Ligand SMILES: Cc1ncc(COP(=O)(O)O)c(C=O)c1O
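This is the structure we're talking about:
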């Protein structure tokens, strides 16, 4: 079963974006302003620590997926003709970014979403003129991803003019992070060791960061964060609730899985979102909540760990009817991920000179 929507008006969906102050900088080579990084100074069981948050909700299109959409578009642009239509499977954020590029280039676009995609992001795709197809048959692996992909395969068979960027296997996805997001983050952090937490769905962000860390050796401990029930890093599949994080199958970018990786429950992710907003006014999405929950867990487990950095994929604005709705939260067990944690201050970032370009193939930083 699926629901199809007509194209909507062009108004952007409104809503609040909560977060720290915006500090413009330059993203590596793209000419696009860098997303802000804030330092949340905490006391965890009376030990002072720094929680760094890179807020991708401030990126064009409201999420980290704008970077991926740009890369995918460049990859397919040579194949776009007058009769081309683009289709992509998405939990929402990539669909929104692709819808925006598609309307700019006057190419019809269809986003294949599922019932977990938030109503706000679906409405935003439609408002840009994108079509949405909602598949609602569970895939038997805890989500809808396999149903979404099955639908796309069927459409591709019937419509030769249809173009599928395929964010799940296109190297442009991890490359956007290896050459863009990761060096940009490095330029924004003090040059000290930190644990960098990355949420996993297609695995594109984590694979891109892994490639950057291997090549540039920034001194980061890179940790993948997934949800209970996700097979993205090779784990056991089961029911999942949150959009944007986790997958019904293993990441094609990380066929060997990834270590270290940690998992959180939906209740932990949501508890972290609510705690962060109430104690700092910074609003982040569900997958960012998963990262913050892991960060607090790590600070508590290893008191000598003084710095953890979370790459927060999106902001609160698409989660007002879910994570930030007390009524919606009633379905989750009550957990408190912030036991023994006190916020001391929220500080603005420094923007240092960007590091030089990275040669990934040679595995070294170019001079
Ligand atoms: C909300 C959200 N969480 C997490 C991620 C990380 O996903 P991926 O593994 O597909 O790079 C994304 C997408 O980048 C996202 O939009």
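Residue numbers (the UniProt record's numbering): 1 to 367.
Don't be surprised by glycine CBs; every beta carbon is placed ideally from N, CA and C.
Since we're looking at a predicted model, the values are computed, not measured.
Open item on the list: By alpha-carbon positions, which one of 213, 127, 228 ends up nearest to residue 221?
Closed with: As a position in the chain shown, residue 221 is number 221, starting the count at 1. For residue 221, the closest C-alpha among the options 213, 127, 228 is that of 213.
Task: C-alpha distance - residue 37 paired with residue 143, whole-angstrom precision - done: Counting from 1 along the chain shown, the entry for residue 37 is found at position 37. Counting from 1 along the chain shown, the entry for residue 143 is found at position 143. Straight-line measurement puts the Cα of residue 143 at about 32 Å from the Cα of residue 37.
Task: Through-space distance from residue 52 to residue 348, alpha-carbon basis - done: Mapped onto the chain shown, residue 348 falls at position 348. Mapped onto the chain shown, residue 52 falls at position 52. Straight through space, the alpha carbons of residue 52 and residue 348 are spaced by roughly 10 Å.
Open item on the list: By the DSSP assignment, the alpha helix (DSSP H) with residue 328 in it spans what residues?
Closed with: If you number the chain shown from 1, residue 328 lands on position 328. Counting along the chain, the alpha helix (DSSP H) containing residue 328 begins and ends at 326-329.
- [ ] Work out the CA separation of residue 81 and residue 322 for me, nearest whole Å.
- [x] Taking the chain shown and counting its residues from 1, the one referred to as residue 322 is at position 322. Taking the chain shown and counting its residues from 1, the one referred to as residue 81 is at position 81. In a straight line, the C-alpha of residue 322 is about 39 Å away from that of residue 81.
Open item on the list: What would DSSP say about residue 108, mapped onto helix, strand or coil?
Closed with: One-based indexing of the chain shown puts residue 108 at position 108. Of the three classes helix, strand and coil, the one that applies to residue 108 here is coil, per DSSP.
TODO: Compare the C-alpha of residue 195 against each of 294, 43, 247 and name the closest.
DONE: Your numbering for residue 195 matches position 195 in the chain shown. The alpha carbon of residue 195 has as its nearest neighbour, out of 294, 43, 247, the alpha carbon of 294.
Task: Residue nearest to residue 69 in terms of C-alpha spacing, selected from 270, 174, 122 - done: As a first step, residue 69 is located in the chain shown; it is residue number 69 there, counting from the start. Relative to the Cα of residue 69, the nearest Cα in the group 270, 174, 122 belongs to 174.
Open item on the list: Would residue 109 and residue 96 be called neighbours here (beta carbons separated by less than 8 Å)?
Closed with: Translated into the one-based positions of the chain shown, residue 109 becomes position 109. Translated into the one-based positions of the chain shown, residue 96 becomes position 96. Contact: no.
Task: Nearest neighbour of residue 168, chosen from 255, 291, 343, 40 [CA to CA] - done: Mapped onto the chain shown, residue 168 falls at position 168. The option with the nearest alpha carbon to residue 168 is 255.
TODO: Give the range of the beta strand (DSSP E) segment to which residue 125 is assigned.
DONE: Mapped onto the chain shown, residue 125 falls at position 125. DSSP places residue 125 in no beta strand (DSSP E) but in the uninterrupted alpha helix (DSSP H) bounded by 119-127.
Open item on the list: Tell me the rounded alpha-carbon separation between residue 277 and residue 284.
Closed with: For this step, residue 277 is matched to residue 277 along the chain shown. For this step, residue 284 is matched to residue 284 along the chain shown. The alpha-carbon atoms of residue 277 and residue 284 are separated by roughly 8 Å.
Open item on the list: Along the chain, where does the alpha helix (DSSP H) containing residue 205 start, and where does it finish?
Closed with: Position 205 of the chain shown holds residue 205. Looking at the DSSP string, the run of the alpha helix (DSSP H) that includes residue 205 is 204-216.
Task: Neighbour-count burial assignment, residue 342, 16 or more Cβ in a 10 Å radius - done: Position 342 of the chain shown, counted from the first residue, corresponds to residue 342. Exposed, since its Cβ has fewer than 16 Cβ neighbours within 10 Å.
Open item on the list: Is residue 75 near ligand 1 - that is, is its Cβ less than 7 Å away from at least one heavy atom of it?
Closed with: Numbered from 1 along the chain shown, position 75 holds the residue referred to as residue 75. No, ligand 1 has no heavy atom inside 7 Å of this Cβ.
Open item on the list: With the cut-off set at 8 Å, would you say residue 223 and residue 290 are in Cβ contact?
Closed with: Numbered from 1 along the chain shown, position 223 holds the residue referred to as residue 223. Numbered from 1 along the chain shown, position 290 holds the residue referred to as residue 290. Cβ distance not < 8 Å, so residue 223 and residue 290 don't count as in contact.
- [ ] Could you check what DSSP says for residue 27 in three-state terms: helix, strand or coil?
- [x] Taking the first residue of the chain shown as position 1, residue 27 is located at position 27. With a pLDDT of 45 at residue 27, under the threshold of 50, the predicted position of this residue should be treated as unreliable, though the coordinate-derived value follows. Looking at residue 27 - three-state DSSP - the assignment turns out to be coil, as it is neither helix nor strand.
Task: Residue of 340, 54, 269, 47 minimising C-alpha distance to residue 188 - done: Locating residue 188 in the chain shown gives position 188, where the first residue counts as 1. Ranked by Cα distance from residue 188, the options 340, 54, 269, 47 are led by 54.
Task: Per-residue DSSP class, three states only, for residue 70 - done: Residue numbering aside, residue 70 sits at position 70 when the chain shown is read from its first letter. Secondary structure at residue 70: helix, using DSSP grouped into helix, strand and coil.
Open item on the list: I need the DSSP call for residue 382, collapsed to helix, strand or coil.
Closed with: One cannot answer for residue 382 here, as it falls past the ends of the chain, which runs 1 to 367.
Open item on the list: Going by DSSP, what residue range makes up the alpha helix (DSSP H) through residue 275?
Closed with: Here residue 275 refers to the residue found at position 275 of the chain shown. That run of the alpha helix (DSSP H) goes 266-280.
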